[in-house]
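Number of protein chains: 2
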Amino acid sequence: MASTIDELKSKLGDRPGHLIRRLHQIHVAMFLEECAAYSLTPVQYAVMTVLAIQPKLDQISIANEAAIDRTNVADVLARLEERCIVTRQVSSADRRMKLAVLTNEGARITRDMEAAMQRAQDRFLAPLAADQRVEFMRLMDALVNANNAFSRAPAR
Amino acid sequence: MASTIDELKSKLGDRPGHLIRRLHQIHVAMFLEECAAYSLTPVQYAVMTVLAIQPKLDQISIANEAAIDRTNVADVLARLEERCIVTRQVSSADRRMKLAVLTNEGARITRDMEAAMQRAQDRFLAPLAADQRVEFMRLMDALVNANNAFSRAPAR
DNA sequence: AATGACAATGCAGTATACTGACGAATAACG
DNA sequence: CGTTATTCGTCAGTATACTGCATTGTCATT
Numbered sequence: 049m050a051s052t053i054d055e056l057k058s059k060l061g062d063r064p065g066h067l068i069r070r071l072h073q074i075h076v077a078m079f080l081e082e083c084a085a086y087s088l089t090p091v092q093y094a095v096m097t098v099l100a101i102q103p104k105l106d107q108i109s110i111a112n113e114a115a116i117d118r119t120n121v122a123d124v125l126a127r128l129e130e131r132c133i134v135t136r137q138v139s140s141a142d143r144r145m146k147l148a149v150l151t152n153e154g155a156r157i158t159r160d161m162e163a164a165m166q167r168a169q170d171r172f173l174a175p176l177a178a179d180q181r182v183e184f185m186r187l188m189d190a191l192v193n194a195n196n197a198f199s200r201a202p203a204r
Numbered sequence: 049m050a051s052t053i054d055e056l057k058s059k060l061g062d063r064p065g066h067l068i069r070r071l072h073q074i075h076v077a078m079f080l081e082e083c084a085a086y087s088l089t090p091v092q093y094a095v096m097t098v099l100a101i102q103p104k105l106d107q108i109s110i111a112n113e114a115a116i117d118r119t120n121v122a123d124v125l126a127r128l129e130e131r132c133i134v135t136r137q138v139s140s141a142d143r144r145m146k147l148a149v150l151t152n153e154g155a156r157i158t159r160d161m162e163a164a165m166q167r168a169q170d171r172f173l174a175p176l177a178a179d180q181r182v183e184f185m186r187l188m189d190a191l192v193n194a195n196n197a198f199s200r201a202p203a204r
């Protein structure tokens, strides 16, 4: 016979949202651990990844590419600018826009850090067998794409 | 040939952490939408669920049951107390502990809100076929259990 | 009984995520 | 050309999540 504690765990554990929240916690913790030498967060690195491929991007485009809220992108860029990883300047073509660019140092860090970031991803999926990892990624991708419109920060 | 934007999307989309973060965003958005009438967040409802099953629980036990950081639990309880959903009192057995209990109103809301919460969970998984939903939950459960120790707020 | 280890909570500080409102610049339209 | 609408960025406010430190209470050992 199940104790009340067992009943509770079953109740929370049966909610996809609860499992998603915990996976998010776990992944962030692993990322920060693997990337401790750089003192950068997953979201900061996501923004840096975007800028490594698309330099001189305005904040809303960065938000769309990385699926981050635009006010949050502004915060993240301010912190990256403070650490001389990014610079921002008003666009001469459209003076409403602030275009962000990686500094040379920022571009170097983005490259150097990639291996540590990848270790975090690999560790995260390590408990699954190879075919399960593929299936898990496929299912997450299907859910993200089908539900894309329901977050405040949809991709693209 | 892929454009730079396509390359980027592939780069971020191939990172499990990025997909997890987006799923988390999406689920929270759906939860808040379905439960808008109650103005309660997923984490607040998780704490209420714990207290519905285990009344008079101290904050660290709540944190362990719901896998929430203990400082965060204190914040959440303070907000729930302000709204008269929860009361807190120092334990007479151990005066270090503050025991939280749902008020009658809080218990009523927990029951009433369950259907809306469940709608959010169902909508979230709706894009998957029935067997895919089962598999997805199974994989999430395996990852959460195997990686439990790596978050600051492990369960139990 | 005093001491020292440990446990529960609190507090300050930071990062992500979002809402709503606002000002400034641009674009669209008549 | 001028009015209107839209877009970009910002600001203030709130919630979650975590780190590190301090405080208080309990307990074990002496």
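The listed protein sequences correspond, in order, to chains A and B. In case it helps, the numbering used here puts the first sequence at residues 49 to 204. In case it helps, the numbering used here puts the second sequence at residues 49 to 204. Glycine included, every Cβ here is placed at the ideal spot set by N, Cα and C. Just so you know, these numbers come straight off a predicted model, no measurement behind them.
Coarse secondary structure for residue i, derived from DSSP in three states
i	result
L187/A	helix
A115/A	coil
L150/A	strand
T97/A	helix
L173/A	helix
R69/B	helix
T135/B	strand
D142/A	coil
M49/B	Only weak support is given to the placement of M49/B: the predicted model assigns it a pLDDT of 41, under 50, and the value that follows is read from those uncertain coordinates. In this structure, M49/B counts as coil in the three-state DSSP scheme.
N195/B	coil
L88/B	coil
L64/B	Correcting the residue type first, residue 64/B is Pro in the shown sequence and not Leu. Correct three-state label for P64/B: helix.
A201/B	coil
K59/A	helix
Counted within 10 angstroms of its Cβ, other Cβ atoms place residue i as buried (16 or more) or exposed
i	result
A168/A	buried
Q166/A	exposed
V98/B	buried
A50/B	Reliability fails at A50/B, whose pLDDT of 43 lies under 50, so the model's placement of it is uncertain and the value that follows must be treated cautiously. Classification for A50/B: exposed.
T158/A	buried
N195/B	buried
C132/A	exposed
A85/B	exposed
A203/B	buried
S87/A	exposed
E82/B	buried
V121/A	buried
A178/B	exposed
Q73/A	buried
R63/B	buried
A163/B	exposed
V138/B	exposed
A174/A	exposed
S199/A	buried
V182/A	exposed
A114/B	buried
A197/A	exposed
A141/A	exposed
Residues that residue i bridges to, as DSSP identifies them
i	result
L105/B	A148/B
Residue i Cβ short of 7 Å to the ligand PLP heavy atom set
i	result
R159/B	Because no ligand of any kind appears in the structure shown, any question about the ligand PLP cannot be addressed here.
message = Under 8 Å, with one C-beta from each stretch per pair, do the region 81–94 of chain B and the region 123–137 of chain A reach the 3-pair mark?
response = Proximity of the region 81–94 of chain B to the region 123–137 of chain A falls short of the contact definition, fewer than three beta-carbon pairs being nearer than 8 Å.
request  = Determine which residues of the region 144–162 of chain A have a Cβ less than 8 Å from any Cβ of chain B, and write them out in chain order.
outcome  = Correct list: empty, as no residue qualifies.
Residues within the region 68–95 of chain B neighbouring chain A, beta-carbon criterion of under 9 Å = Residues of the region 68–95 of chain B with a C-beta less than 9 Å from any C-beta of chain A: I68, R69, R70, L71, H72, Q73, I74, H75, V76, A77, M78, F79, E81, P90, V91 and A94, listed in chain order.
query = the region 184–201 of chain A: which residues have C-beta closer than 7 Å to a C-beta of chain B, in chain order?
reply = Those residues of the region 184–201 of chain A that come within reach of chain B (Cβ to Cβ, closer than 7 Å) are F184, M185, L187, M188, D189, A190, L191, V192, A194, N195, F198, S199, R200 and A201.
query = If contact means a Cβ-Cβ distance below 8 Å, which residues of the region 102–116 of chain B contact chain A?
reply = Flagged, chain order: Q102, E113, A114 and A115.
query = Are at least three pairs of beta-carbons, each pair with one atom in the region 58–75 of chain B and one in the region 182–198 of chain A, less than 8 Å apart?
reply = Short answer: they touch.
message = Please list, in chain order, the residues of the region 172–183 of chain A that have any C-beta partner in chain B closer than 9 Å.
response = Identification of residues in the region 172–183 of chain A having a C-beta nearer than 9 Å to some C-beta of chain B yields F172, L173, A174, P175, L176, Q180, R181 and E183, given in sequence order.
Touch test, the region 139–157 of chain B against the region 105–112 of chain A, Cβ-Cβ under 8 Å, three pairs minimum = The region 139–157 of chain B makes no contact with the region 105–112 of chain A: fewer than 3 CB pairs, one atom from each, lie closer than 8 Å.
ask   = Along the region 127–140 of chain A, what residues have a CB closer than 8 Å to any CB found in chain B?
value = Result list empty, no residue passes.
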